[in-house]
Amino acid sequence: MKKGDHLFLVDGSGYIFRAYHALPPLARKSDGLPTNAVLGFCNMVWKLMRDARNTDVGHPATHFAVIFDYSSKTFRNDLYPEYKANRSAPPEDLVPQFGLIRHATHAFNLPCVEMEGYEADDLIATYCHMAEEAGADATIISSDKDLMQLVSPSVSMYDPMKDHQIGVPEVVERWGVPPEKMIDLQALTGDSVDNIPGVPGIGPKTAALLLEQFGDLDTLLARAGEIKQPKRRQSILENTDKVRLSRQLVTLKRDVPITETPDDFLLEPSNGPKLVAFLKAMEFTTLTRRVAEATGTDAAQVEAAFIPVEHGASAHGPDMEIVSSQTDDKVQDTPEKQDTDEKDEGDTPARLAAQRARAAATEKIDVEAYITITDLQTLKDWIDEAFETGIVAFDTETTSLDPMQAELVGFSLATRPGRAAYVPLGHRQGAGDLLGGGLVEGQLPMREVLAQLKRLMEAPSVLKVAQNLKYDLVVMNRHGIDIAPYDDTMLLSYVLDGGAARGHGMDFLSEKWLGHKPIAFGDVAGTGKKFIGFENVAIDKATHYAGEDADVTLRLWQVLKPRLAATGLVSVYERLERPLAPVLARMEQRGILVDRQILSRLSGELAQNAAAIEEEIYALIGERINIGSPKQLGDILFGRMGLPGGSKTKTGQWSTSAQLLEDLAAEGHELPRKIVDWRQLAKLKSTYTDALPGFIHPETGRVHTNFAMAATTTGRLSSSDPNLQNIPVRNAEGRKIRTAFIADKGHKLISADYSQIELRVLAHVADIAQLKQAFAEGADIHAITASEMFGVPVENMPSETRRRAKAINFGIIYGISAFGLANQLSISREEAGAYIKKYFERFPGIRDYIEETKATARELGYVETVFGRRIHYPEIRAPNAAVRAFNERASINARLQGTAADIIRRAMVRIEPALEKAGLSARMLLQVHDELIFEVAEDEVEATIPVICNVMENAPMPARTLSVPLKVDARAAHNWDEAH
DNA sequence: ACAGAAGCTTA
DNA sequence: GTAAGCTTCTGTT
């Protein structure tokens with residue numbers, strides 16, 4: 001073996017188990033010999049050998065071996081008798097397959113290596129080491145983390161089933177430490193599967209952190225006294241010996257006294273007849289045929305090999321059957337019929353829309369026709385062309401999905417269907433190994449191009465069309481470019497077909513309306529670990545992709561825009577959607593200030609408290625299970641400990657929901673309470689205190705969420721990366737998170753939220769006199785409801801009575817059912833049904849409203865908000881009663897939730913001009929469905945609050961005047977917790 | 001690696 | 001009983 005050679009080492013034992021568990025039971029037809037793991041192994045090796053010989057997937061293999069465990073006893077058992085002690089015996093129908101797989105390896109003409117006293121991993125380590133010494137490369141075929149300590153610049157890992165390569169960067173990304181520190185990390189964390197102790201309470205995240213702090217394990221152990229977190233420090237000090245032992249156990253032996261050298265593993269050509277003979281013996285018909293074809297073997301001429309089976313195979317069998325996997329995905333989404341009347345004569349909007357749709361679906365798209373622009377004159381010509389046509393579709397290509405992080409790589413323009421061009425700006429070459437790599441030559445300079453682009457983007461006479469414009473708006477704003485006027489095809493689709501389609505992404509819309517499947521982003525830029533970033537995509541490929549995006553966007557606009565007028569949705573689009581995009585773009589760009597110190601302190605507290613509860617839980621159950629695993633938890637709680645188990649989930653697991661555990665706690669059980677408490681702490685820590693700091697932008701120092709405009713069916717926004725619409729508020733522990741959201745120096749946060757907006761909307765749309773009066777008088781709405789229902793006075797009302805009325809009020813908003821109400825109130829379904837009946841007797845208007853909503857939803861297939869937004873329920877007529885009932889409840893809720901969403905959208909669109917008019921500098925930062933958060937200079941707080949409240953309370957006007965007043969509560973404070 | 005389930009956070 | 005998004009665990013190609 002020499003420099004330039006490439007040794008492939010297959011972790012045979014690993015794949016046996018993986019194949020066995022991944023594949024359905026399979027047995028040889030003639031005698032019932034179980035063979036599923038053998039088939040999985042053969043398929044994997046066959047694919048791997050083809051890839052390994054193939055020069056264009058990388059450095060081809062020159063040497064090749066499959067390594068197996070010899071037996072379960074190894075030198076590690078001498079070190080630590082408990083090692084892998086919790087492993088149970090392999091399943092009965094796997095046992096005979098161990099031998100068969102060794103036969104398979106021989107049939108592939110591959111060496112089969114194993115050695116008494118050592119695990120396969122040790123042999124792999126030894127051979128990798130030898131390859132490295134010889135200057136050769138090695139690839140380990142496995143995805144086992146135990147092998148990651150071997151990764152180096154010349155040793156990588158590869159998983160052929162997932163086509164996933166693991167090199168040094170992947171190890172660092174996955175575990176937070178380089179491969180040479182994997183041993184230290186594993187020693188700290190331990191491994192429950194192999195029964196390696198480690199330090200309790202230290203997981204990979206903490207271990208990586210500690211190793212980064214102290215450099216390596218020895219230093220860490222020597223200076224453990226310096227660890228700040230008392231719990232963590234104590235835990236490590238107490239377990240020093242265990243850690244040292246764990247390190248010995250996880251360290252792979254690189255000097256196994258091997259009998260075969262890598263030179264013995266020289267890759268030989270496959271022996272077609274030999275392999276086919278084996279596969280025939282296994283009765284793998286498909287693979288036999290495939291291998292015969294590929295190796296030029298006449299399978300009919302080959303006799304099945306005789307394979308001796310070590311363990312009686314006939315014991316298995318009669319109950320096994322070959323399970324064929326059926327995956328006939330039903331394609332059911334044909335473009336639905338349009339709500340247009342094509343019998344009409346003349347050029348009605350509906351006719352025009354239908355014509356456009358038909359035309360668009362028949363025109364072909366040719367990505368080869370797009371042009372790459374590399375000189376300024378051509379760019380100017382294209383911009384002139386856009387000025388002539390008055391419309392241009394465009395799309396920006398960047399390095400990131402996050403517009404605040406994205407660097408501009410290029411952009412595309414389309415002036416007519418089929419006529420598109422791409423302007424590359426930031427494509428790089430020779431990236432990867434070398435540091436970044438330089439710009440590809442021949443690209444226009446960013447500055448001059450942006451000046452030209454600005455001229456076009458801000459030209460009042462040219463309509464700019466984009467898909468998800470808000471993204472481009474943020475990216476362009478960061479380069480000092482504004483975009484106006486504009487249309488957004490995603491928002492058009494959302495307004496036209498909200499609820500009717502599976503999302504409003506461009507790929508989906510293109511298939512639906514143009515009958516054309518665009519090039520997938522993943523096909524040009526890669527996905528997962530093969531993702532290279534758009535800046536590293538070749539310019540010709542980028543031109544096809546980006547040109548197509550602009551072309552498709554323009555064609556979609558031609559189809560969708562006419563439908564707006566045809567369906568009477570122009571005002572929804574123009575009042576509630578289009579103007580909101582730049583408002584949200586600004587909010588996202590501003591971001592909110594988050595105090596890192598507060599979160600870090602909270603994280604420490606949570607870790608400590610959780611660890612304490614963890615120990616109490618372990619003491620109670622007498623075992624260190626993974627508390628975060630509902631499966632393990634259920635088994636212990638209801639299986640071994642025999643607690644009165646409630647329901648099971650649909651997958652047959654015991655349910656361990658908070659509700660159920662609370663009930664058990666109420667019956668006096670100690671453990672469930674602790675589990676609920678632990679979960680709360682774990683949730684707060686992982687989702688908030690640990691994750692949020694990672695979202696602080698390196699330059700702005702603030703957190704910039706992404707608001708999705710077209711994600712919900714009802715018209716609400718959603719927030720992600722991070723989601724700032726679900727920051728805890730309901731209990732004291734969680735509210736501490738909110739104290740980390742703060743205003744800048746000299747500023748305060750104002751939180752302004754609508755009081756009971758959905759109930760007010762209900763009172764208005766259902767026209768309920770008692771409710772309207774209660775709101776007009778500013779009365780307690782739940783108490784009034786209770787008083788009406790139960791005939792008790794509002795004065796001195798028992799809190800339980802009010803609570804029930806409140807649950808019913810919310811139930812109405814959610815499309816009430818006896819089942820749901822019963823659950824909510826922990827009462828019987830009969831009792832809940834009686835409440836609902838009583839409620840409808842007192843408020844017959846609400847029953848009428850519900851019935852009317854269901855009827856129109858069924859008749860039209862959609863419901864409308866007060867402002868005319870349509871929300872489609874294509875399944876409202878489903879034959880399945882449960883599906884139908886769900887759609888009915890959703891449609892009842894949609895009118896209320898959607899109207900409230902429309903109202904706050906209107907407020908958001910108006911608030912900035914109102915503040916400006918009042919000469920105030922307040923900046924809107926967040927929306928949380930019925931709440932708006934602003935950052936305001938301290939000396940402007942007093943003046944700002946009434947402006948905000950005024951805009952919000954009058955937001956429905958003048959389009960609609962509600963018969964119920966809207967009420968907004970607003971407060972200012974230095975942090976979000978106090979302001980709310 | 002990825003998808004789905006379970007669980008938890010919000011309005 | 002409505003509407004969302006995120007984390008962890010688990011099973012699977």
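Taking my numbering, the leading residue of the first sequence gets 1, the next gets one more, and so forth.
Note that beta-carbon positions come from the ideal geometry of N, C-alpha and C, so glycine has one too.
Does the segment 682-696 come within contact of the segment 594-612, defined as at least 3 CB pairs closer than 8 Å?
yes
Same chain, Cβ closer than 7 Å to Arg-76, five either side skipped, listed in chain order
Tyr-83, Leu-249
Pull up the DSSP beta-bridge partners for Arg-419, would you.
Arg-416
By the DSSP assignment, the beta strand (DSSP E) with Glu-875 in it spans what residues?
Careful: Glu-875 lies outside any beta strand (DSSP E) and carries neither H nor E.
Is there contact here, the segment 264-275 with the segment 135-145, by at least three beta-carbon pairs under 8 Å?
no
Are the segment 544-564 and the segment 439-455 touching, with three or more C-beta to C-beta distances below 8 Å?
no
Proximity below 7 Å, CB of His-516 to CB of Ile-365:
yes
Can you tell me which of the three DSSP states His-103 falls into?
helix
CB-CB length for Ile-903 against Ile-948, believed under 8 Å:
Not confirmed; about 14 Å, so no contact.
Integer Cβ distance of Leu-413 from Met-446, believed to fall under 8 Å
With a Cβ gap of about 16 Å, Leu-413 and Met-446 do not count as contacting.
Just tell me which of Leu-279, Asp-939, Thr-139 has its CA closest to the CA of Phe-108.
Leu-279
Buried or exposed by the 16-neighbour rule on C-beta atoms within 10 Å, applied to Glu-397
buried
Phe-265: first and last residue of the uninterrupted beta strand (DSSP E) it sits in
Segment: none, Phe-265 is in no beta strand (DSSP E) and carries neither H nor E.
Leaving aside the five residues before and after Ser-510 along the sequence, list all residues of the same chain whose C-beta is less than 6 Å from its C-beta, in chain order.
His-516, Pro-518, Val-552
With H, G and I counted as helix, E and B as strand and the rest as coil, what does DSSP make of Met-924?
strand
Kindly indicate the opening and closing residues of the alpha helix (DSSP H) around Phe-790.
781-790
Cβ neighbour criterion (16 or more within 10 Å) applied to Ser-13:
buried
Go through its chain and collect everything with a Cβ distance to Thr-801's Cβ below 8 Å, but skip five positions before and after it.
Ala-786, Phe-790, Val-792
With Phe-934 as the anchor, note down where its beta strand (DSSP E) starts and where it stops.
931-937
Span separating the alpha-carbon of Asn-477 from that of Tyr-486:
14 Å
Across which residues does DSSP place Val-66 in a beta bridge pair?
Val-10, Cys-112
Identify every residue that forms a DSSP beta bridge with Thr-864.
Before going further, note that residue 864 is Glu rather than Thr in the sequence given. Per DSSP, Arg-870.
Using DSSP with H/G/I as helix, E/B as strand and the rest coil, what is Pro-644?
coil
Put Ser-325 into one of helix, strand or coil per three-state DSSP.
In this prediction, Ser-325 scores a pLDDT of 29, lower than 50, which makes its location untrustworthy; no coordinate-derived value is stated.
Give me the Cα-Cα distance between Ile-227 and Val-703, rounded to the nearest whole angstrom.
29 Å
Let me make sure I understand the geometry here. Which of Asp-384, Val-193, Leu-185, Ser-192 has the alpha-carbon closest to that of Leu-221?
Leu-185
Exposed unless 16 or more other CB atoms sit within 10 angstroms - verdict on Phe-775:
buried
Leaving out five residues before and five after Glu-283 in sequence, what residues of the same chain have Cβ atoms less than 7 Å from its Cβ?
Arg-28, Lys-29, Ser-30
Where DSSP assigns a beta bridge to Leu-408, which residues make up the other side?
Thr-398
So Trp-654 and Gly-634 are supposed to be a Cβ contact under 8 Å. How far apart are they, rounded?
3 Å
Between the beta-carbon of Tyr-754 and the beta-carbon of Asp-930, is there less than 7 Å?
yes
Please classify Gly-815: does DSSP put it in a helix, a strand, or coil?
coil
Name, in chain order, the residues that DSSP records as bridge partners for Trp-654.
Lys-648
According to DSSP, what are the bridge partners of Gly-515?
Its beta-bridge partners do not exist; DSSP assigns none.
For the alpha helix (DSSP H) containing Leu-185, name the first residue and the last one.
182-189
Take Leu-681 and list the residues in its own chain whose beta-carbon comes closer than 8 Å to its own, dropping the five residues that flank it on each side.
Leu-606, Asn-609, Ala-610, Ile-613, Glu-733
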